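For reference, the structure is listed below as structure tokens.
2 protein chains.
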Amino acid sequence: MFMSTIEEIAKIAGVSASTVSRALARNKKISEHTIQRIEKIANELHYTPNLSARALTGKGTKLIGLIVPEITSNHYVQIVNRVESELYAKGYALIIGTTDFNADKGLRNLEVFIGRAVDGIIFAGDNLDEVNAAAVRDIIKTPIVFLGSAGDNTGHECVAVDDAHGISLLIRHLIELGHKSFGFIGEKLSKPVRLPPFQKALAEWGLEYNENFIKTDGTERFEEGGYLRMKELLAEGEMPTAVFATYDNIAIGAMKALHEAGLKVPEDVSIIGFDNIKESEYLIPALTTVFPPITEMADRAVDMLIEKIEKKDTDKTARKYTAAKTILYPELVIRQSTSVPRQ
Amino acid sequence: MFMSTIEEIAKIAGVSASTVSRALARNKKISEHTIQRIEKIANELHYTPNLSARALTGKGTKLIGLIVPEITSNHYVQIVNRVESELYAKGYALIIGTTDFNADKGLRNLEVFIGRAVDGIIFAGDNLDEVNAAAVRDIIKTPIVFLGSAGDNTGHECVAVDDAHGISLLIRHLIELGHKSFGFIGEKLSKPVRLPPFQKALAEWGLEYNENFIKTDGTERFEEGGYLRMKELLAEGEMPTAVFATYDNIAIGAMKALHEAGLKVPEDVSIIGFDNIKESEYLIPALTTVFPPITEMADRAVDMLIEKIEKKDTDKTARKYTAAKTILYPELVIRQSTSVPRQ
DNA sequence: AGAAGTCATGCAAACGTTTGCACTACCGTC
DNA sequence: GACGGTAGTGCAAACGTTTGCATGACTTCT
Numbered sequence: 001m002f003m004s005t006i007e008e009i010a011k012i013a014g015v016s017a018s019t020v021s022r023a024l025a026r027n028k029k030i031s032e033h034t035i036q037r038i039e040k041i042a043n044e045l046h047y048t049p050n051l052s053a054r055a056l057t058g059k060g061t062k063l064i065g066l067i068v069p070e071i072t073s074n075h076y077v078q079i080v081n082r083v084e085s086e087l088y089a090k091g092y093a094l095i096i097g098t099t100d101f102n103a104d105k106g107l108r109n110l111e112v113f114i115g116r117a118v119d120g121i122i123f124a125g126d127n128l129d130e131v132n133a134a135a136v137r138d139i140i141k142t143p144i145v146f147l148g149s150a151g152d153n154t155g156h157e158c159v160a161v162d163d164a165h166g167i168s169l170l171i172r173h174l175i176e177l178g179h180k181s182f183g184f185i186g187e188k189l190s191k192p193v194r195l196p197p198f199q200k201a202l203a204e205w206g207l208e209y210n211e212n213f214i215k216t217d218g219t220e221r222f223e224e225g226g227y228l229r230m231k232e233l234l235a236e237g238e239m240p241t242a243v244f245a246t247y248d249n250i251a252i253g254a255m256k257a258l259h260e261a262g263l264k265v266p267e268d269v270s271i272i273g274f275d276n277i278k279e280s281e282y283l284i285p286a287l288t289t290v291f292p293p294i295t296e297m298a299d300r301a302v303d304m305l306i307e308k309i310e311k312k313d314t315d316k317t318a319r320k321y322t323a324a325k326t327i328l329y330p331e332l333v334i335r336q337s338t339s340v341p342r343q
Numbered sequence: 344m345f346m347s348t349i350e351e352i353a354k355i356a357g358v359s360a361s362t363v364s365r366a367l368a369r370n371k372k373i374s375e376h377t378i379q380r381i382e383k384i385a386n387e388l389h390y391t392p393n394l395s396a397r398a399l400t401g402k403g404t405k406l407i408g409l410i411v412p413e414i415t416s417n418h419y420v421q422i423v424n425r426v427e428s429e430l431y432a433k434g435y436a437l438i439i440g441t442t443d444f445n446a447d448k449g450l451r452n453l454e455v456f457i458g459r460a461v462d463g464i465i466f467a468g469d470n471l472d473e474v475n476a477a478a479v480r481d482i483i484k485t486p487i488v489f490l491g492s493a494g495d496n497t498g499h500e501c502v503a504v505d506d507a508h509g510i511s512l513l514i515r516h517l518i519e520l521g522h523k524s525f526g527f528i529g530e531k532l533s534k535p536v537r538l539p540p541f542q543k544a545l546a547e548w549g550l551e552y553n554e555n556f557i558k559t560d561g562t563e564r565f566e567e568g569g570y571l572r573m574k575e576l577l578a579e580g581e582m583p584t585a586v587f588a589t590y591d592n593i594a595i596g597a598m599k600a601l602h603e604a605g606l607k608v609p610e611d612v613s614i615i616g617f618d619n620i621k622e623s624e625y626l627i628p629a630l631t632t633v634f635p636p637i638t639e640m641a642d643r644a645v646d647m648l649i650e651k652i653e654k655k656d657t658d659k660t661a662r663k664y665t666a667a668k669t670i671l672y673p674e675l676v677i678r679q680s681t682s683v684p685r686q
């Protein structure tokens, strides 16, 4: 039932395999009558083309590879989710791989995907340099688009969100409320993308940057990291009046630590997260957070990739990289976890 | 660089393609010396076998399809995550599809996967009947294992978690604390799997089952659904002393509603969730919840599938279905959202 | 009526791999 | 020195598609 071949259809229809192939592709050279007949048979047989065979003839696999650092955080879940549904709608299937923030694994994934003859690749990661992207671009014939933060400037085709913009929004909000001392919890990364803009924003407002208020260790374990780092901050005595957690999930842990210490959010300490995960609105207090346009990011990446694939399909000659870089901007969602500082 | 063929290697090595193929498979008929030489060349060329071609010869694609209802809830995220990493370790790649709880889409996914010649399929979903699993089993030659709740008894190869057991654990816990009236929020499903065991558990303890305390509408939107349903309960006046939310995310919304109504958890109302998402431990109060062994579920499913694939590989003759059904049991994680009822 | 054109279809090669079979050398044996 | 064995390798077919080219049957024009 499942898994019949073009040959079988041909036999039943009393025509040759080529005719079936063309009929199914609605090639104009085949008579309407034959097309109808063949389509009917194909349906009855639950015919699905063998994509491996098709791939071999250079017609593409309708397979897209998506590489993400990990898929348990809300951020990447949303991306995977959106990319999958967009791709499905366009008739592509999604194959995914994770890098665990590891450059080698990223490269291996790339090789694996290429061996599987994917039609295109979306490489997501805050840290585009994880893989030596420049090299990759030159080596790979498969269309690829990068998806990440706006930090890099390596000139690849990519869609990125400007974290720095979100962070300056958040600092401005805090400053307007009257805050003067700021903490930072999160982002223990080989190449941090949120800490530098944080420092820069502070500097722009002529604000003091207190090294002691920056906590990065162990924050790759989100809730736990946030909890532990906030406890550490608490133990050291001097406290900032506002703390920026680089992910909402870190903020959750941090708020727990504050609660246990008998401190109130936002009265004693204001907290801001990043991501706007779906739980944030329902936290107590509801979390003020930076909201990157994930859906749009995913859509753009998919569109760019598909366009690239189909363009490549037509003019196989020159594969020029019109290295387009789409930058998207996050918004600030103000809720109850921020207020004017005490006193 | 990437994407060289066996032919090219053969040319460089001065041997035939078949020799290269065998050398790369470490076939004993090829001299050790030749193997070394060919492997060296293959490495230099970054050779990756074209899996489409290999698939065509019946050697399998090393591709596994995973079908889930959706991938934004914590439960399925964890499953996808674990399945992916297990599979990666075993040299397989993962292709995923979502059904959106829709039987047709499930079937289409199945067809698509088969057309892509996946080596095996994991079909996850609380509701195994979404797809007429019995029919599927007979039709499909591709190894498949189901992953879901223990509700069904259609006799497929599957790994399931016994939700009912978790629910009886939870009811017992509540009863031991002294609760007498129980609410239920969640699960607007074509075939509910948690409500019946809930009712059954109540009956077993000779407890009254109050229809007014069961709220299911709109709970497919987790936080929001929980929030709205709890508000509804609150508005109706009479309140249970304990409420079971079928997902932790629903519990989060419910707790928010209670908070806004000025009610305290657990003093005024005890709340229990289901899933043990990573945020639960850090909620205020930390959430008591039923914890299904997701990691183990995923591992078992992968193991069963791979075993099935490789067994099928050896004895191609009989493909007998030793329809094994593995049942796993959830635990109850007791935290701060449950306590003795007031008065 | 024959040439030229159109339309529908078939043939066969190609894509990259695996594998049964055949072949060559070389070895040791009697 | 002919025979069988074995180790190493090549040939060619097969997997299911797609597609350029060839073919054959009509139609239409002159």
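Here the protein sequences line up with chains E and W, keeping their order. 1 is the number of the first residue of the first sequence in this note's numbering; add one for each residue after it. 344 is the number of the first residue of the second sequence in this note's numbering; add one for each residue after it. For glycine and all other residues, C-beta sits at the position ideal for the given N, C-alpha and C. Note that the structure is predicted; figures quoted are calculated from it, not measured.
Nearest residue (CA-CA) to residue i, options the options
{"i": "Ala117/E", "options": "Ile614/W, Leu406/W, Thr415/W, Ile593/W", "result": "Leu406/W"}
{"i": "Ala124/E", "options": "Thr98/E, Lys141/E, Ser339/E", "result": "Thr98/E"}
{"i": "Thr404/W", "options": "Val426/W, Gly549/W, Gly434/W, Tyr570/W", "result": "Gly434/W"}
{"i": "Glu176/E", "options": "Thr5/E, Ile9/E, Ala10/E, Ser339/E", "result": "Ser339/E"}
{"i": "Arg194/E", "options": "Ala103/E, Tyr282/E, Ile214/E, Lys180/E", "result": "Ile214/E"}
{"i": "Phe491/W", "options": "Lys543/W, Ala641/W, Ala368/W, Glu387/W", "result": "One point to set straight first is that residue 491/W is Gly, not Phe, in the sequence displayed. It is Ala641/W whose Cα lies nearest to the Cα of Gly491/W."}
{"i": "Ala385/W", "options": "Glu350/W, Tyr625/W, Ser416/W, Asn417/W", "result": "Glu350/W"}
{"i": "Gly347/E", "options": "Pro49/E, Ala160/E, Val145/E, Thr34/E", "result": "Nothing about residue 347/E can be read from this structure; chain E reaches only from 1 to 343."}
{"i": "Phe456/W", "options": "Asn424/W, Ile439/W, Phe565/W", "result": "Ile439/W"}
{"i": "Gly58/E", "options": "Asp119/E, Pro192/E, Ala203/E, Glu208/E", "result": "Asp119/E"}
{"i": "Ala432/W", "options": "Arg108/E, Phe101/E, Glu223/E, Asn81/E", "result": "Arg108/E"}
{"i": "Leu675/W", "options": "Ala507/W, Ala667/W, Gly526/W, Asp560/W", "result": "Ala507/W"}
{"i": "Glu413/W", "options": "Glu70/E, Lys311/E, Ser85/E, Asp104/E", "result": "Ser85/E"}
{"i": "Ser190/E", "options": "His259/E, Ser181/E, Ser73/E, Asp217/E", "result": "Asp217/E"}
Cβ-based burial, residue i [other Cβ within 10 Å; buried from 16]
{"i": "Asn370/W", "result": "exposed"}
{"i": "Gln343/E", "result": "exposed"}
{"i": "Gln36/E", "result": "exposed"}
{"i": "Lys278/E", "result": "buried"}
{"i": "Arg662/W", "result": "Because Arg662/W sits at a pLDDT of 44, beneath the cut-off of 50, its placement in the model cannot be relied upon, and the point is left open."}
{"i": "Glu281/E", "result": "buried"}
{"i": "Tyr552/W", "result": "exposed"}
{"i": "Ala544/W", "result": "buried"}
{"i": "Glu375/W", "result": "exposed"}
{"i": "Ser18/E", "result": "exposed"}
Cβ pair residue i, residue j closer than 8 Å
{"i": "Gln679/W", "j": "Pro583/W", "result": "no"}
{"i": "Val83/E", "j": "Leu66/E", "result": "yes"}
{"i": "Leu394/W", "j": "Ala53/E", "result": "no"}
{"i": "Ala212/E", "j": "Glu238/E", "result": "The question names Ala, but residue 212/E in the sequence shown is Asn. Yes. Within cutoff."}
{"i": "Thr562/W", "j": "Ile514/W", "result": "no"}
{"i": "Phe291/E", "j": "Tyr247/E", "result": "no"}
{"i": "Val586/W", "j": "Ile528/W", "result": "yes"}
{"i": "Arg365/W", "j": "Ile355/W", "result": "no"}
{"i": "Thr638/W", "j": "Asn619/W", "result": "no"}
{"i": "Ile510/W", "j": "Pro535/W", "result": "no"}
{"i": "Leu626/W", "j": "Ile649/W", "result": "no"}
{"i": "His75/E", "j": "Ile334/E", "result": "no"}
Own chain partners of residue i with C-beta closer than 6 Å, once the 5 adjacent residues on each side are dropped
{"i": "Ala600/W", "result": "Tyr570, Met573, Lys574"}
{"i": "Val20/E", "result": "Ile6, Ile9, Ala10, Ile38"}
{"i": "Lys651/W", "result": "Pro486"}
{"i": "Val354/E", "result": "For chain E, the structure presents residues 1 to 343; residue 354/E sits outside this window and is missing."}
{"i": "Leu512/W", "result": "Leu675"}
{"i": "Pro293/E", "result": "Leu328"}
{"i": "Ala324/E", "result": "Glu157"}
{"i": "Glu130/E", "result": "The pLDDT assigned to Glu130/E is 49, lower than 50, so where the model puts this residue is not dependable, and the model offers no usable value."}
{"i": "Met304/E", "result": "Val145"}
Own chain residues within Cβ distance below 7 Å of residue i, not counting five before or after
{"i": "Thr660/W", "result": "With a pLDDT of only 41 at Thr660/W, under the threshold of 50, the placement of this residue in the model should not be trusted; the figure read from the coordinates follows. So no residue of the chain qualifies."}
{"i": "Ala604/W", "result": "Leu577"}
{"i": "Trp548/W", "result": "Ile514, Ile518"}
Cut-off 8 Å between Cβ atoms - residues of its own chain near residue i, not counting five sequence neighbours on either side
{"i": "Ala597/W", "result": "Ile528, Gly569, Tyr570, Arg572, Met573, Val586, Ala588, Ile614"}
message: Ignoring anything shorter than 4 residues, give me the alpha helix (DSSP H) runs that lie fully in the segment 95-125 of chain E, in order along the chain.
response: Counting only runs of 4 or more residues that sit fully inside the segment 95-125 of chain E, the alpha helix (DSSP H) segments are 103-115, in chain order.
4 or more residues per run - each alpha helix (DSSP H) lying fully within the segment 380-439 of chain W:
Unbroken alpha helix (DSSP H) stretches of 4 residues or longer found wholly inside the segment 380-439 of chain W: 394-399, 417-432, given in chain order.
### Message
What ranges does the alpha helix (DSSP H) occupy inside the segment 187-220 of chain E, keeping only unbroken runs of at least 4 residues that lie completely in it?
### Response
DSSP runs (the alpha helix (DSSP H)) wholly in the segment 187-220 of chain E: 195-204.
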